[in-house]
Every structure is written in structure tokens, then in C-alpha cells.
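Numbers given in the numbering used here equal positions in the sequence shown, counted from 1, plus 153. Every residue, glycine too, gets a C-beta built ideally from N, C-alpha and C. Values in this document were obtained by computation on a predicted structure and should not be read as measured data. Contents: one structure, followed by commentary.
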Amino acid sequence: MDPRIREHAEVIVDHSIDLSEGDNIVIDAHPVAEDLVVALHEFAADRGANPLVVQDRLGERFRRAFLRNREEFETPSHVEALYEEMDAYIAIKGSENVTETSDVDPEVTAAYQQAQQPLLTERLSKTWCLTQYPAPANAQLAQTSTEGYENFVWDAVLKDWDAVREHQSQMVDILDPAEEVRIVSGETTDVTMSVAGNRTLNDYGEKNLPGGEVFTAPVADSVEGEVLFDKPLYHQGREVTDVALEFADGEVVEYSAGKNEDLLGEVLSTDDGASRLGELGIGMNRDIDQFTYNMLFDEKMGDTVHMAVGRAYEETVGEDNERNESAVHVDMIVDMSEESFIEVDGEVVQRNGTFRFEDGFEG
154 MDPRIREHAE VIVDHSIDLS EGDNIVIDAH PVAEDLVVAL HEFAADRGAN
204 PLVVQDRLGE RFRRAFLRNR EEFETPSHVE ALYEEMDAYI AIKGSENVTE
254 TSDVDPEVTA AYQQAQQPLL TERLSKTWCL TQYPAPANAQ LAQTSTEGYE
304 NFVWDAVLKD WDAVREHQSQ MVDILDPAEE VRIVSGETTD VTMSVAGNRT
354 LNDYGEKNLP GGEVFTAPVA DSVEGEVLFD KPLYHQGREV TDVALEFADG
404 EVVEYSAGKN EDLLGEVLST DDGASRLGEL GIGMNRDIDQ FTYNMLFDEK
454 MGDTVHMAVG RAYEETVGED NERNESAVHV DMIVDMSEES FIEVDGEVVQ
504 RNGTFRFEDG FEG
């Protein structure tokens, strides 16, 4: 076993979920990630925890077979009971075929996601971590060798996360007390939103591993303007390019895409909350230096911002604000490296990817 796999497992149990004696943990993983699952079992044994492996959300072949043969769904009570009893949940991304579910009807997928919403809510109420195993199919999607992708993943995961937290806290201090944020990139993106009363979180490798962003939630009905997401989106096994959204009173009123626009439309029509923003995130991890068609990494890239249509994370919404509810949470990315700026309460805090607390910033 590559020694970095055990290092990866150790970061998960000690940093991300703080595994303790007696904890019941559910590990959701594809068989391709078997080595990491083995290492997690070794640490679970050492810590006196109780692991259980399932292949639910990440078992593409299983899910495809189910979704192609059924159109109506209900929340499975036995799975909900399992999540109610667990103390921690570890989801490991990794695939044999990243396009396995590309021929599933998007309407069927949307119905399935709505039925799964109570399960997601229960999972998110527990300690959880989402991470990546460097599988060959994911390397292929990233257009790199398997060895190169292994190096990329573990360089991003095996970091000094305390140092990351300290660096990113400077942006948290700017955004957390803010009233309004404006994002401008070239002539294609100019969008404003209120974040008043909402909380900004510092992602330093706990819930998402790797971490490398700060994020908050827009206030409902406050988003105005236009955004061109110039980085591709890979969703339900299909690539969606050049997503353009126009917002009025917080809702998407016009949309287009260069490729798979129909899939984008299905996402936005999933439910009432799917056409509103649930997240604004700012990527700050410059060790993630290549686009890989994997949102777990791509949304953390330095010199980017991302916005998610759909569900807002409960922890980011202030008690006096309304939380956007949806069965979906779909992130999309804007490149902020050139002809761009982030403005907070009328003051430019990032220009062309450089923050005001970094050398080389031009106000």
C-alpha cells in the first residue's frame, strides 16, 4: 500500500472527523477505493470505533440500474434509521466510469434526489467528511496519468491544515461582518448579493478534504445581475459548458449553456429552491493548480469563485434569515484571475485573484 494512503486515512480520522472510542462510522465508498477503506478500518480498530461500509451514493452501477428501472421513489426508512444511529459519515469519491449515469433521465434523477433529501439532511446533521481516492477513471477525466493524479490528490490532501485555516481566516474576517458582495469578471459577470446576517465558514479540510475555501450563503431574494461560469461543470456524468445565469429578485430568470443546456434546465427546475443561489464560495487553495472536472478540488482553486444553485448549508444561514431549501446543490465556477474583482461593501478586497492581505494587491 502506498504510504500516502495511510496518511490520508489518518488525516480523515484525526483532523476531519476526530474519531473517538465507541463511534459508529459509515464509510460510503466505491470498491476502487478499497485500500483507503482498509486503512480507515485499521485506524478505526486502533481508536476503538465501529466501521460499516456501504456503496450507496457512490455506487454508480448500482444506482444506474435502479434509476433506469423506476420512476417514482420514496425515502428508504431503513437507510434513514442507519444514518440516525451513526456518529460519523465518510464519503470517498472514486470511480471506474465517471459517465456511468449519463444515460439516466434527468427527470428521474431529480425525483430520486427529492426522495433522498431527508437522508441528506440527516447525514449533514452528523459529523461528516467527503474526500477523494485517486482512481484511474478520475485521472482520465482530469486528462492526466494515474501517477500524476495520485500526486495531485495527495499533495492537495496532505497539508498543514492549521496553516491553511490561519491564512483563510483573513478572508473570513472580511466577509463575515459584510452586508453586500459584488463579483465582476470581464464583461460577462456582474452580480451583487446581500450576505447580511449570514455566517462565513472557513473550510480547512474538515468536512471537505481537501479544503481551501471560505463560503457563505446569499440572503434570499437579494441576488441581482448576470454570471458566466466559464469553467465547465460535470454533472450526472455529462459536461455542461458556458453556463450563463441572469438573476432578478434572487431567482434565475434566464439561463443558457453551450453544451447540455437541457440538463441545466432540469437542475434549475428540480424544485422551488433550485433556481436560487444557496452558496457563494471563494477558492483560496493555490496548490490545486489544475482544473480536473472534480468539484471537490476545482471549487477550491485559487483565483476562482463559485456559486451553487440550490440548497444552502444550515451553518451559513443566520437565525433571522430564510434558508434556501432544495434537493440539489450544484456548484459552478468563475475564473477570477484576469480583469476581475471582488467588492465587499463597496471596497475591492480581491483583484485579478490577489487578496488585499497578500503581496502584489492593487486596490
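Would glutamate 303 be called buried (16 or more neighbouring beta carbons within 10 Å of its own) or exposed?
Only buried fits glutamate 303, as 16 or more other CB atoms lie within 10 angstroms of its CB.
| query | If you check the beta carbons only, do glutamate 399 and valine 406 fall under 7 Å apart? | reply | A contact, by the Cβ cut-off of 7 Å.
What is the DSSP secondary structure of arginine 318, counted as helix, strand or coil? In the displayed model, arginine 318 falls within a helix according to three-state DSSP.
Point to revise | CB of alanine 410 within 7 Å of CB of leucine 417, strictly | key: The criterion of a C-beta distance shorter than 7 Å is satisfied by alanine 410 and leucine 417.
With distances taken between CB atoms, is the gap from valine 190 to isoleucine 180 smaller than 7 Å? A contact, by the Cβ cut-off of 7 Å.
Report buried or exposed for phenylalanine 215, applying the criterion of at least 16 other Cβ atoms within 10 angstroms of its Cβ.
Here phenylalanine 215 is exposed, its C-beta having fewer than 16 other C-beta atoms within 10 Å.
Leaving out five residues before and five after aspartate 329 in sequence, what residues of the same chain have Cβ atoms less than 7 Å from its Cβ? By the criterion of a C-beta distance shorter than 7 Å, aspartate 329 is surrounded in its chain by Arg352, Thr353, once the five residues flanking it on both sides are discounted.
**OP:** Go ahead and pull the three-state DSSP assignment for proline 204.
**Re:** Strand at proline 204.
Item checked: Selection from Gly339, Met239, Gln266, Gly247 that minimises the alpha carbon distance to leucine 220 -> If we check each option's Cα against that of leucine 220, Gln266 comes out closest.
- Task: Classify asparagine 177 as helix, strand or coil using the three-state DSSP reduction.
- Result: In the three-state reduction of the DSSP assignment, asparagine 177 falls in the strand class.
*asked:* Considering only the alpha carbon of each residue, which of Ser347, Ile486, Asn355 lies closest to glycine 499?
replied: When only C-alpha atoms are compared, the closest one is Ser347.
- Item | 8 Å contact criterion, which threonine 342 and glutamate 379 should meet: CB distance rounded | Threonine 342 to glutamate 379, Cβ: 7 Å. Contact.
- Message: Going by DSSP, what residue range makes up the beta strand (DSSP E) through glutamate 496?
- Response: Run containing glutamate 496: 493 to 497, per the beta strand (DSSP E) assignment.
Could you tell me which residues DSSP pairs with proline 400 in its beta bridges?
Looking at the sequence shown, residue 400 is not proline but phenylalanine. For phenylalanine 400, which the question treats as bridged, DSSP gives the partners Gly378, Val405.
Using CA atoms only, rank isn't needed, just tell me which of Tyr236, Leu205, Phe450, Met485 is closest to valine 420. Nearest option by C-alpha distance: Met485.
Are there 16 or more other CB atoms within 10 angstroms of the CB of glutamine 443, so buried, or fewer, so exposed? Residue burial is scored here from C-beta neighbours: glutamine 443 has fewer than 16 other C-beta atoms within 10 angstroms and is therefore classed as exposed.
Short of 6 Å in beta carbon distance, which residues of its chain neighbour tyrosine 286, apart from the five on each side in sequence? Order them along the chain. Counting only Cβ-Cβ distances below 6 Å, and skipping sequence neighbours, we find Ala186, Leu189, Ile245, Gly247.
4 or more residues per run - each alpha helix (DSSP H) lying fully within the region 405 to 479 | Entirely contained in the region 405 to 479, the alpha helix (DSSP H) runs reaching 4 residues are, in chain order, 414 to 421, 448 to 451.
Practice problem: My understanding is that serine 493 touches serine 338, with C-beta atoms under 8 Å, so please give their C-beta distance in whole angstroms. | Solution: Sure, about 4 Å apart at Cβ, within 8 Å.
Tell me whether the beta-carbon of tyrosine 357 lies closer than 7 Å to the beta-carbon of arginine 391. With a cutoff of 7 Å on beta-carbon distance, tyrosine 357 and arginine 391 are scored as not near each other.
Starting from tyrosine 387, trace the beta strand (DSSP E) in both directions and tell me its first and last residue.
Unbroken beta strand (DSSP E) run through tyrosine 387: 386 to 388.
ask   = aspartate 326: which of Val306, Glu515, Phe508 sits nearest, CA to CA?
value = Nearest neighbour of aspartate 326 by Cα position, chosen from Val306, Glu515, Phe508, turns out to be Phe508.
request  = Name the one or two DSSP bridge partners that aspartate 356 has.
outcome  = Glu366.
Fill in: Pick from Leu272, Glu340, Gly365, Ala268 that is closest to alanine 316, judged by C-alpha positions
Closest by alpha carbon: Gly365.
- prompt: Looking at alanine 349 and glutamate 377, is the spacing between their C-beta atoms short of 7 Å?
  reply: No, these two residues do not count as a Cβ contact at 7 Å.
Please report the distance separating the alpha-carbon of alanine 218 from that of glutamate 253. Computed Cα separation, rounded: 10 Å.
Item to check | tryptophan 281 - partner residues in DSSP beta bridges | outcome: Beta-bridge pairing links tryptophan 281 to Tyr242.
DSSP has methionine 485 in a bridge; who is on the other side?
DSSP lists Met460 as partners of methionine 485.
### Message
Just to check my reading of the structure: histidine 194 and proline 204 have Cβ atoms closer than 8 Å, yes? What is that Cβ distance to the nearest angstrom?
### Response
The Cβ separation is near 5 Å, so the contact holds.
Item to complete: Classify aspartate 456 as buried or exposed, calling it buried when 16 or more other Cβ atoms lie within 10 Å of its own Cβ.
Response: Buried.
So which of Gly506, Val497, Arg157, Glu515 has the shortest CA-CA distance to glutamate 300? Residue Arg157 holds the alpha-carbon nearest to the alpha-carbon of glutamate 300 among Gly506, Val497, Arg157, Glu515.
Is the CB-CB distance between alanine 268 and glutamate 237 below 7 Å? No.
Buried or exposed, going by whether 16 or more other CB atoms sit within 10 Å of the CB of arginine 223? Using a 10 angstroms sphere on the CB of arginine 223, the tally of other CB atoms stays under 16, which defines it as exposed.
- Report all residues from its chain with a CB closer than 7 Å to the CB of methionine 448; omit the five preceding and five following residues, and keep chain order. Hits under 7 Å: Asp484.
Checklist line | Unbroken beta strand (DSSP E) run spanning glutamine 503, endpoints | finding: Where glutamine 503 is concerned, the enclosing beta strand (DSSP E) stretches over 500 to 504.
- Query: From glutamate 260 to leucine 283, what distance separates their C-alpha atoms?
  - Reply: Annotation: glutamate 260 to leucine 283 spans about 26 Å, alpha carbon to alpha carbon.
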